[in-house]
Amino acid sequence: MRLLTRAALLTLLALGATFLLDPYRNYQLATATGTFVAVAGLTLLVGLTGQLSLGHAVLMAAGGYGYAWAATWVATAVEGTTLADGAGGWLLPLLAGVAGAVVVAGLLGLLLGLAAARLRGPYLAGLTLALVIALPAAASTIPGLNGEQGVRAPFVPVPDPLALLIATEQWHAWLAILVAACAVTPLVAVRAGRAGLRMRAVHDDETAARLAGVDPGRVKAGAFVLSALAAGLGGAVLAIVTQQVSPGAYGLGFSLLLVVAAVVGGLGSLGGAAIGAVLVTLLPWVVDQATAALPADLGHRLQGNLEIALFGVVVIVVTLLRPGGLARLLPAKARSATSLPAKFFPTQ
Amino acid sequence: MERLVFLLSTGLARGAVLALFALSLVIVYRAARVVNFAQAALAVVPVYVAVAVTAATGSYWLGLACALTAGALLGAVVERGLMRRVPQDNPLAGIIVAIGLVMVLQAGLAIAFGPDHRPVHAPFSQRPLTVGGVALMSPYDLFVLLVAAVVMGALAWLFGRTSLGLRMRAAAFAPETSRLLGVRVPRMVTLGWTLSIATAALAALLLVPTGLGLDPHAADVLFVNAFAAAVIGGLDSPVGALAAGLSVGVLASLVTGYASAAAAPPAVLALLTVVLLVRPHGLFAAREARTA
Numbered sequence: 130m131r132l133l134t135r136a137a138l139l140t141l142l143a144l145g146a147t148f149l150l151d152p153y154r155n156y157q158l159a160t161a162t163g164t165f166v167a168v169a170g171l172t173l174l175v176g177l178t179g180q181l182s183l184g185h186a187v188l189m190a191a192g193g194y195g196y197a198w199a200a201t202w203v204a205t206a207v208e209g210t211t212l213a214d215g216a217g218g219w220l221l222p223l224l225a226g227v228a229g230a231v232v233v234a235g236l237l238g239l240l241l242g243l244a245a246a247r248l249r250g251p252y253l254a255g256l257t258l259a260l261v262i263a264l265p266a267a268a269s270t271i272p273g274l275n276g277e278q279g280v281r282a283p284f285v286p287v288p289d290p291l292a293l294l295i296a297t298e299q300w301h302a303w304l305a306i307l308v309a310a311c312a313v314t315p316l317v318a319v320r321a322g323r324a325g326l327r328m329r330a331v332h333d334d335e336t337a338a339r340l341a342g343v344d345p346g347r348v349k350a351g352a353f354v355l356s357a358l359a360a361g362l363g364g365a366v367l368a369i370v371t372q373q374v375s376p377g378a379y380g381l382g383f384s385l386l387l388v389v390a391a392v393v394g395g396l397g398s399l400g401g402a403a404i405g406a407v408l409v410t411l412l413p414w415v416v417d418q419a420t421a422a423l424p425a426d427l428g429h430r431l432q433g434n435l436e437i438a439l440f441g442v443v444v445i446v447v448t449l450l451r452p453g454g455l456a457r458l459l460p461a462k463a464r465s466a467t468s469l470p471a472k473f474f475p476t477q
Numbered sequence: 002m003e004r005l006v007f008l009l010s011t012g013l014a015r016g017a018v019l020a021l022f023a024l025s026l027v028i029v030y031r032a033a034r035v036v037n038f039a040q041a042a043l044a045v046v047p048v049y050v051a052v053a054v055t056a057a058t059g060s061y062w063l064g065l066a067c068a069l070t071a072g073a074l075l076g077a078v079v080e081r082g083l084m085r086r087v088p089q090d091n092p093l094a095g096i097i098v099a100i101g102l103v104m105v106l107q108a109g110l111a112i113a114f115g116p117d118h119r120p121v122h123a124p125f126s127q128r129p130l131t132v133g134g135v136a137l138m139s140p141y142d143l144f145v146l147l148v149a150a151v152v153m154g155a156l157a158w159l160f161g162r163t164s165l166g167l168r169m170r171a172a173a174f175a176p177e178t179s180r181l182l183g184v185r186v187p188r189m190v191t192l193g194w195t196l197s198i199a200t201a202a203l204a205a206l207l208l209v210p211t212g213l214g215l216d217p218h219a220a221d222v223l224f225v226n227a228f229a230a231a232v233i234g235g236l237d238s239p240v241g242a243l244a245a246g247l248s249v250g251v252l253a254s255l256v257t258g259y260a261s262a263a264a265a266p267p268a269v270l271a272l273l274t275v276v277l278l279v280r281p282h283g284l285f286a287a288r289e290a291r292t293a
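Same order as they appear, the protein sequences are chains Z and V. So the working numbering is basically just the index in the first sequence, starting at one, shifted up by 129. So the working numbering is basically just the index in the second sequence, starting at one, shifted up by 1.
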């Protein structure tokens, strides 16, 4: 109950904050929110179970494709019927799209999760890396993915009563925040609950966990599926905002950025995931602004590369010097609430 | 039939490069117990050195020698300066630091040399030789096979027949005991990285003329395929890396020839998935792979 109140308050706060931003900032907020949902899933997976996935961009892409297919299908189905009048015209495709994202990303996540249940660190990382590298090729061989061009997702217009009040970008930011609230709240609950405790137990000592009656394979596969669902919803948010899903947007670079966001924020910390997601969305834009002032040739070379180099340095420094990430910089009181063992096994 | 022979023979040459790169992954895994995810980026840096030297002097062989030296130096510097300082309590830390290194190196190369593909010329003709009317491999493919065979032979001799190789193997398998017996274990780990990156650089240099050209991501697909080969062969086994590398190369060549170039990465992914699910420790590994 406390969790739901907190989630509702944070969501309202975020919705209110969109009024302070101009349309372009709202667009950035929506993108960062989509990234945040995926990073939240990834950070939970890496931080709690110790499974490193380098392929979460593919799971996001799966969610995006699922959203685009389902939303387009329902949009064409309701067109011309009475359902298309009023709110149904945009709400039904939207809901169908989100459901489609959950199904497609969940299925792919289940397949990978079954593999993840049997694999350790470097093997799983390598398998998911191969998945990212294979995505552009897969997009051009699997029918329905439409090759490099990708798939269009239907535009979600601002509903009439709100049209006078807010712009499209702000409306999309609202949708992003609402989807994020529905996706991240369960993650918080899982992290703080028994399932989270089981994940930590498996991570710390598989044999001990097995002796205590926990099945490590099931816990690992379950964690992977959960994380894939979050990534899929993140992909759905990006599909809503950009109205486009293409393999080029979900390449190796983006996949590594998700890992960067999780590491910089602090593995296992959902608040850290939010900081990391904002960082990987805003820093490229800041660098672009800065390099635009430079001579054309140098600016062209730095564009898109300088921020990657910076992120690389940050990841190395954080891992070597401050493994807790930025979340560890918060005051100790805020942290103690997240310490699971302390909650389940109070010290004398 | 002629097509099959042609695809098999070119696949063998591609497979030799793959096997060489997979071998470099095995060397560093045996020396330091890490899968080096930065291998592709580390291998491309010496290739840039080689291209610069070849452009300045006009000699391919001088470029090759400089690439090997640069690779060896880079391996030592990365191990001493970075990998040694990675916290050991978390097995993922090494992988994450390697990913950071990849981002720094590839972005740095793109900033320094621009993101475009640079054409790299092979020292021999790439036109296939025909024997009895059947197109076989090109002189360059033969050169690649020869170099790969020589390097693998040299590495096998080093690890199997010399005192240094014995010390390196001992340091990898039983660090504490080796230390007690007077082996300088940290030095052996550095040497393993040196050998590994030099081998990887050689593989990348051999690969580049057969592809689109040199760019910071030129070895990415090679790394993924070689990782698949190394895992299939068992990360611990040089013989496994050799056999699996050749097999993956031939498989990729056949899929490219009979289906399409786009179907090759999914085919390798499928093979890797099946092997990992059926025999997670590879087909050739003698004993249980270590945790993490």
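Beta carbons: idealized from backbone N, C-alpha and C, even for Gly.
Residue environment, residue i, which counts as buried when at least 16 other CB atoms sit within 10 Å
i: S398/Z; result: buried
i: F474/Z; result: Annotation note: pLDDT 46 at F474/Z (below 50); position unreliable, coordinate value reported separately. F474/Z comes out exposed.
i: E80/V; result: buried
i: V233/Z; result: buried
i: Q107/V; result: buried
i: V279/V; result: exposed
i: A260/V; result: exposed
i: V275/V; result: exposed
i: S10/V; result: buried
i: W219/Z; result: buried
i: A421/Z; result: exposed
i: P283/Z; result: buried
i: L182/V; result: exposed
C-beta neighbour in chain V for residue i, strict 7 Å
i: A259/Z; result: yes
i: G273/Z; result: no
i: V392/Z; result: yes
i: G226/Z; result: no
i: V233/Z; result: no
i: P424/Z; result: no
i: V331/Z; result: no
i: S269/Z; result: yes
i: G176/Z; result: no
i: L449/Z; result: yes
i: N105/Z; result: The requested residue 105/Z is not part of the displayed model; chain Z covers only 130 to 477.
i: L173/Z; result: no
Sub-7 Å separation of residue i and residue j beta-carbons
i: A298/V; j: L273/V; result: Given that chain V is displayed from residue 2 to residue 293, the structure contains no residue 298/V and the question cannot be resolved.
i: A330/Z; j: V317/Z; result: no
i: V308/Z; j: L362/Z; result: yes
i: V29/V; j: P239/V; result: no
i: A230/V; j: V209/V; result: no
i: A136/Z; j: T371/Z; result: no
i: G255/Z; j: F228/V; result: yes
i: G193/V; j: A56/V; result: no
i: S375/Z; j: V261/Z; result: no
i: A302/Z; j: T140/Z; result: no
i: G163/Z; j: V366/Z; result: yes
i: T200/V; j: G76/V; result: no
i: A68/V; j: A51/V; result: yes
i: P152/Z; j: E298/Z; result: yes
i: Y196/Z; j: A360/Z; result: no
i: T257/Z; j: G184/Z; result: yes
Rounded Cβ spacing between residue i and residue j (contact assumed at less than 8 Å)
i: V409/Z; j: V443/Z; result: That belief does not hold up - the Cβ atoms of V409/Z and V443/Z are roughly 10 Å apart, past 8 Å.
i: G258/V; j: L13/V; result: Not really, about 13 Å apart at Cβ, beyond 8 Å.
i: A268/V; j: L252/V; result: 7 Å
Chain-ordered neighbours of residue i on chain B, where CB pairs are closer than 7 Å
i: G109/V; result: Looking at the structure shown, chain B is missing, and the protein chains on hand are Z and V.
7 Å Cβ cutoff, residue i in contact with chain Z
i: L93/V; result: yes
i: P281/V; result: yes
i: P266/V; result: yes
i: M104/V; result: yes
i: G183/V; result: no
i: R86/V; result: yes
i: L273/V; result: yes
i: A253/V; result: no
i: V98/V; result: yes
i: E289/V; result: At E289/V the pLDDT is 49, less than 50, meaning the model places this residue with poor confidence; the figure from the coordinates comes in the next sentence. False, the Cβ-Cβ gap to chain Z never drops below 7 Å.
Uninterrupted alpha helix (DSSP H) stretches inside the segment 88–160 of chain V (no shorter than 4 residues): Under the rule that a run must span 4 or more residues, the alpha helix (DSSP H) segments found entirely inside the segment 88–160 of chain V read 92–114.
Residue ranges of each alpha helix (DSSP H) within the segment 343–411 of chain Z, 4 or longer: Restricting attention to alpha helix (DSSP H) runs no shorter than 4 residues, the segment 343–411 of chain Z encloses them at 345–371, 381–394, ordered along the chain.
Segments of 4+ residues assigned as alpha helix (DSSP H) that fall wholly inside the segment 193–268 of chain Z: Taking 4 residues as the minimum length, the alpha helix (DSSP H) runs contained wholly in the segment 193–268 of chain Z are 217–245, in order along the chain.
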